[in-house]
Amino acid sequence: MSSCFKITHQSKNSLARTGILTTAHNKLETPFYMPVATKGAVKNINHIQLQDLDFNCLISNAFINYLRPGLDLISKAGGLHKFSGWNNSYFTDSGGFQLILDHFNPVINDEGVSLKNPFTSKKEMITPEKSIEIQNILGSDVAMCLDHQPVFGKDRKDYLESTIRTIEWAKRCIDFHKSNSNKLNSKQLLFGIVQGGNHIDLRQMCALALTKLDFDGVALGGFGIGEAQKDMYNIIYQTKKYLLIDNPTYIMGIGSPIEILNCVENGADCFDSVYPMRMARHGLIFTANGEIKIDRGAYKEDFSPLDKECDCFVCKNHSRAYLHHLYKTHEQNAHVLLTYHNVYFVQNLIKNIRLSIKEDNFLKFKKEFEKKYKK
RNA sequence: GCUGGGGUAGUUCAGUGGUUAGAAUCACCGGUUGUGGUCCGGUGGACUCGAGUUCGAAUCUCGGCCCCGGCC
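Residues are numbered in this note's numbering as their position in the first sequence, beginning at 1, plus a constant of 300.
What follows is the structure, given as structure tokens:
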């Protein structure tokens, strides 16, 4: 039973809820979205701006930090928080996501994963224990289990194998986490991860197994890629039935406005995704009236703001024409300004979601948002 | 005035006497989700003009026009 999470309001007509997740650094209001700071920095937006936007939690990557700059250096600095100058919360991803990137030449067996260090070309063996040890040293507020999501898994057989492996690894992760007294952050929480692709029974089997392991929270993985995407909401809904009601539920890798809304409706409490920042870099901008692509010629002489309803400083001070010009001329500031707007937009959405849940108005809010957002 | 170089997509370049003239950029349209990046994919668009040689010229020859350099 987790004591770090407390539900503060439960929607009557859906699984949407607000809550407080208490970490060593913060009390995090849920639902919340975490900007991704793989290397201890979010691309094109700095810590002060993020803090001003009330982001109290980022997610970094244990494996990437382990490869570079390395644990010795981060330890000398006093851990990931001090090294990166972020005094709020950090989740750390285990490195499980890197298992699907060809770039790292992953070779997986029951013991763990063998990966190629792209900086040295040396092989690195990451086991569940090793992954937790790295996160213990980094001192993140929430560590994630090492999980296995199959890349090419088209067959149920592949998903069954990876799901069973994920459960076995989860046991090893929690055993190591409990027994290792050498943690930088003694209050570090640990979340398990549900795999199973789009097979509801595998998801439920995995969820059930994790609930028996005393995790502080449970994540659903495997949505950023592959076939599970279209069935995501149903998978979350069906999986939630097998999770403890007062466990925080984290949807990994999801971050578009519409997806956040639908995940919240099905009981999700936190998110992380590169989506808002990457879309900004690629010129796709979130607005209350839908997404726009700022590189389109249509905006060349459009002197209105990105989003008329947005109060961010970019919308208050700059026109689409100006941002179009910066973007088309590859001016660095284009990415900085567009990233700021997208991140602001998502945070604003999250705040409104929380408010609407507290006011028992979530479904109405969602419906109205979607109506305007989808053309 | 003399002389050399050059004119190929909106732009910068490649290339060849022989099916459908390449690329980058550009324009338009997709994509992007536990970060390998200002990324990936699709589509669109051109041989300076005239004459000659040739079965065939965008390519070779001559001339016109235009651009760049050098000399006077």
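By construction, the Cβ of each residue, glycine as well, lies at the ideal position given by its N, Cα and C atoms.
| Check | Outcome |
| --- | --- |
| Where the beta strand (DSSP E) through L353 begins and ends | Taken as a continuous stretch (DSSP letters only), L353 belongs to no beta strand (DSSP E), as it is neither H nor E. |
| Neighbour-count burial assignment, R596, 16 or more Cβ in a 10 Å radius | exposed |
| Cβ-based neighbour list, M301, same chain, cut-off 8 Å, excluding 5 preceding and 5 following | Here M301 scores only 48 on pLDDT, less than 50, and its place in the model should not be relied on; the value that follows carries that caveat. Once the five neighbours on either side are set aside, the close Cβ partners of M301 are D514, L544, D546. |
| S414, enclosing beta strand (DSSP E) - first and last residue | 413-416 |
| Residues sharing a beta bridge with G319, DSSP | I307, T330 |
| Option in L561, I364, H325, T323 with minimal Cα separation from G340 | I364 |
| Cβ contact (3+ pairs, closer than 8 Å) linking the stretch 598-613 and the stretch 654-662 | no |
| Three-state secondary structure (DSSP) of G492 | strand |
| Option in K478, K327, Q449 with minimal Cα separation from E433 | K478 |
| In DSSP terms, what N361 is bridged to | D393 |
| Straight-line gap, K589 to E565 (C-alpha atoms, nearest Å) | It is Asn, not Lys, that sits at residue 589 in the sequence shown. Their backbone Cα atoms lie some 21 Å apart in a straight line. |
| Cβ neighbour criterion (16 or more within 10 Å) applied to F391 | buried |
| Pair within 9 Å by beta-carbon distance, F397 and N361 | yes |
| Member of S314, E329, A598 whose CA lies at the smallest distance from the CA of M320 | The identity of residue 320 in the sequence shown is Ile, whereas the question assumes Met. The shortest C-alpha separation from I320 is found at E329. |
| Opening and closing residue of the alpha helix (DSSP H) in which A580 lies | 575-581 |
| Simplified DSSP state of P557, which is helix, strand or coil | helix |
| P557 to Y673 span [Cα, whole Å] | 9 Å |
| Which residues DSSP lists as bridging D572, in chain order | M334 |
| Beta-carbon gap between A580 and H641 smaller than 9 Å | yes |
| 6 Å Cβ shell around Q488 - same chain, five flanking residues per side excluded | A443 |
| CB of F332 within 9 Å of CB of C570, strictly | yes |
| Sufficient close CB pairs (3 or more, under 8 Å) joining the stretch 405-422 to the stretch 336-355 | no |
| The stretch 466-478 touching the stretch 499-516, judged by at least three CB pairs closer than 8 Å | yes |
| Contacts around H635, its chain only, beta-carbon distance under 7 Å, and the 5 residues preceding and following it disregarded | N344, A580, R581 |
| Short Cβ contact (9 Å threshold) for A519 with I493 | yes |
| Inside the stretch 405-490 only - beta strand (DSSP E) runs reaching at least 3 residues | 413-416, 423-426, 442-444 |
| Nearest neighbour of C610, chosen from L638, T629, G583 [CA to CA] | L638 |
| Buried versus exposed call for R368 [16 or more other C-beta atoms within 10 Å across all chains shown] | exposed |
| A528 versus L460 - alpha carbon distance | 14 Å |
| Close beta carbons around I474, own chain, < 8 Å, minus the five adjacent residues each side | C445, L490, G492, L513, D514, F515 |
| With 16 other Cβ atoms within 10 Å as the buried cut-off, status of K540 | buried |
| CA-to-CA distance, G567 to L315, given in whole angstroms | 5 Å |
| Three-state class that DSSP yields for G597 in the structure shown | helix |
| Contacts around L561, its chain only, beta-carbon distance under 6 Å, and the 5 residues preceding and following it disregarded | K666 |
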